[in-house]
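In our numbering, the protein residues as written are 286 to 798. Inspection log for the structure reproduced underneath, given as C-alpha cells.
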C-alpha cells in the first residue's frame, strides 16, 4: 500500500476495496478520512469488529492504546471522493466526538471545515483556559485568524471571535493587531460582552504601554460588572458547591468548588495586601494560594502566583527563591503559549530581583533579553523599564557611558512610571563626574517625577542619590536630611537590605576623615 503513490494506482486499489469490503467497513474508512490526526477508537463502539478487520488489512493503524488513524496513503484519495455535503456532515460529527473528549482546538477545526465556524468560535471560547493550558494558544490563533476577515452568522458570534482572538494576538506580541480587531466590532452598552471588551482593551493597552487608557478601560469594565470579579467568582463557587452537596450529595464536587472559592479569596487578599504595601501579609496569602493551586491542579493560576511570589521574595532579599519562582512562572506561561510573559515579563522580573539585591552583573543578561523582546514588539513601556534596569546595573558596574545611554533612551520614551528611575541614575552619573549642580537638579527632578506618580520605590532611591550627591559636594547637613528621608521610606516599605545600606552610607559619612 505504501508503494502505491500515484493517483491511478490508488484509484485502482479503492475500486478493488469497494468490491471486497462491506458497507460498514467503507463507512468507517470515509469517517476516518476527515481526521487530520488520530481518531478516538471508542467512537466506533458498535463497529469494533469492522475496525479490527480494517486493521488486519493494514488500512487502519493503531495510534497508541485508544486511537486509530487511516493509512496515510489513503486519506487524501478517500477525502477527495467525498461529496461536499457528506464531507461537511462527517466533519461536524468528528467535531462533536472530539469536543466530548476535551480536544476543543481540533474540534474547532472540524467545525470550521464543516461549515459551522460560529460553533468553532463558541466551543473554543467556552473552553479557552483549558486549551491555553494545553499549549494550544498558537494553533488556535492560526485557526481563528482567517475568520476575522469573514462574516459570521450573528453580531454576537463576531464579538466572541474578537474576544477570543485579541488576547491570543497579545500573547504572540501582536497586541496592536488585537486592539484593531476589538475596535472593528460594535459593543452595545447593554450587551454582556461590553464589560469583557473593556477588560480586553485594558489588557492590550497595557501591553502596548498606554497605561492611562488601559486604566480607563478597566474602570469601564468594573462599572459594567458592578462588583469585584474575584468576589463574584468566590460566591459562585460557594453556591455551586453547596447545591452539589445538598441536592446531589456530591461531596467531591462540593470540595472542588470550595477549593476554587478559597483560591480566589486568597488571591484577592494577596492583591489587597500587596496594594496596601503589607508585603508580609501578601506573601502569606500567595503562599496559601500556591498550596491550593498545586494541591488541586489549578495550573492556569500557577504562573501568576509564582510571578507575584518572585517579586515579593526579591523585596525580602531572598534572591534564590525569587528567581526560582520567576523561572517557574516563565515555564507555566510558556506552556500556555504566552510568550509576552514567558520571555518578556519573566526576564524583566529576574532583572528586577537581581537589582533589588545589588547583583548587578546577574541583572544584565535577563534585562537585555527582555529589552530585545519588547523592542521587537514595539512595547514602549516595558522597553523603558528594562532600559532603566540596565542603566542602574551598568552604573554600579562602573560603566557610566552605557548607563547614560540606557537612561537617556528610557527618558526619550516619555513613560511617566519610568522617568524618575532614569533621572536619579543620571544624577548618580553626574555625581561621580563631580558635576554636582547638574546631579542635584537631576535628583530633584527624579523626586518630583516620583511624587507625581506617588511611587515610593522611585522616591527612596532618588533621595539616596541626592544624599550621596550632597555628601560628595560637601553639604553634610543636606546629605543628612536626604539620607533620613530615604531611610524613612525604606522602613515604610520594609526593605531591610536597603535600610541597612542607607544607614551604612550615612554612618560612613559621619566618620572623621
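Yeah, the Cβ is synthetic: ideal placement off N, Cα and C, and Gly gets one too. Because the structure is a prediction, the values reported are computed rather than measured.
Same chain only: Cβ atoms within 8 Å of residue 429, ignoring 5 sequence neighbours per side: The residue given as residue 429 occupies position 144 in the chain shown. Within the same chain, residue 429 has close Cβ partners 393, 405, 406, 409, 446, 449, 450 and 453.
Opening and closing residue of the beta strand (DSSP E) in which residue 352 lies: Taking the first residue of the chain shown as position 1, residue 352 is located at position 67. It spans 352–355 - the beta strand (DSSP E) in which residue 352 sits, taken as one unbroken run.
C-alpha distance - residue 750 paired with residue 684, whole-angstrom precision: One-based indexing of the chain shown puts residue 750 at position 465. One-based indexing of the chain shown puts residue 684 at position 399. Roughly 17 Å between the two C-alpha positions.
For residue 359 and residue 579, the rounded distance between their alpha carbons: As a working mapping, residue 579 is identified with position 294 in the chain shown. As a working mapping, residue 359 is identified with position 74 in the chain shown. So the two alpha carbons sit approximately 45 Å from each other.
CB contact flag (residue 654, residue 632, <7 Å): The residue given as residue 654 occupies position 369 in the chain shown. The residue given as residue 632 occupies position 347 in the chain shown. In contact: residue 654 and residue 632 (Cβ atoms closer than 7 Å).
Given 8 Å, three or more beta-carbon pairs between the region 702–719 and the region 678–694: Using a Cβ-Cβ distance cut-off of 8 Å, the region 702–719 and the region 678–694 are in contact, since at least three pairs of beta carbons, one from each stretch, lie closer than that value.
Segment limits, alpha helix (DSSP H) that includes residue 572: Taking the first residue of the chain shown as 1, we reach residue 572 at position 287. Its alpha helix (DSSP H) spans residues 564–581.
Residue 522 versus residue 545: straight-line alpha-carbon distance, rounded: As a working note, residue 522 is residue 237 in the chain shown. As a working note, residue 545 is residue 260 in the chain shown. Note on residue 522: pLDDT 48, under 50, position unreliable in the model; the coordinate value appears next. In a straight line, the C-alpha of residue 522 is about 7 Å away from that of residue 545.
Bridge-paired residues (DSSP) for residue 324: Position 39 of the chain shown, counted from the start, is the residue given in the question as residue 324. 353, per the DSSP bridge assignment.
Per-residue burial, residue 608 [other beta carbons within 10 Å of its own, 16 or more giving buried]: The count along the chain shown starts at 1 and reaches residue 608 at position 323. Under this definition residue 608 is a buried residue.
Distance between residue 676 and residue 646 (C-alpha atoms, nearest Å): Reading the chain shown from its first residue, position 361 is the one you call residue 646. Reading the chain shown from its first residue, position 391 is the one you call residue 676. Those two C-alpha atoms are separated by around 12 Å.
Pair within 7 Å by beta-carbon distance, residue 489 and residue 457: Stepping through the chain shown from its first residue, residue 489 is reached at position 204. Stepping through the chain shown from its first residue, residue 457 is reached at position 172. Not in contact: residue 489 and residue 457 (Cβ atoms no closer than 7 Å).
N- and C-terminal bounds of the beta strand (DSSP E) containing residue 347: As a first step, residue 347 must be located in the chain shown, where it is residue number 62. It spans 345–347 - the beta strand (DSSP E) in which residue 347 sits, taken as one unbroken run.
Beta-carbon gap between residue 376 and residue 395 smaller than 7 Å: Walking along the chain shown from the start, residue 376 turns up at place 91. Walking along the chain shown from the start, residue 395 turns up at place 110. It is a contact, given that the beta carbons lie within the stated cut-off.
7 Å Cβ cutoff met for residue 669 and residue 700: Walking along the chain shown from the start, residue 669 turns up at place 384. Walking along the chain shown from the start, residue 700 turns up at place 415. Against a cut-off of 7 Å, the Cβ pair of residue 700 and residue 669 comes out as a contact.
Residue 756 in three-state terms, based on DSSP: Here residue 756 is taken as the residue at index 471 of the chain shown, counted from 1. Helix, per DSSP.
Cβ pair count under 8 Å reaching 3, the region 328–341 against the region 311–318: The region 328–341 makes contact with the region 311–318: 3 or more CB pairs, one atom from each, lie closer than 8 Å.
Cβ-Cβ separation, residue 567 to residue 551 (assumed contact under 8 Å), whole Å: The residue labelled residue 551 in the question sits at position 266 within the chain shown. The residue labelled residue 567 in the question sits at position 282 within the chain shown. Not a contact, Cβ separation roughly 11 Å.
Residues of its chain near residue 642, where Cβ-Cβ distance is below 6 Å and the 5 sequence neighbours each way are ignored: On the chain shown, position 357 is the one that residue 642 refers to. Here the set comprises 602 and 604.
Selection from 326, 324 and 340 that minimises the alpha carbon distance to residue 306: Counted from its first residue, the chain shown places residue 306 at position 21. When each option's Cα is compared against that of residue 306, the closest is 340.
Nearest residue (CA-CA) to residue 618, options 373, 781, 326 and 419: One-based indexing of the chain shown puts residue 618 at position 333. Nearest of 373, 781, 326 and 419 to residue 618, Cα basis: 419.
Residue 502 and residue 483 closer than 7 Å at C-beta: Counting from one through the chain shown, the residue named residue 502 turns up at place 217. Counting from one through the chain shown, the residue named residue 483 turns up at place 198. Yes.
For residue 634 and residue 611, believed in contact at Cβ under 8 Å, the rounded distance: Here the question's residue 611 lines up with position 326 in the chain shown. Here the question's residue 634 lines up with position 349 in the chain shown. With a Cβ gap of about 5 Å, residue 611 and residue 634 count as contacting.
Segment contact, 8 Å Cβ cut-off, at least three pairs: the region 343–361 with the region 314–329: yes
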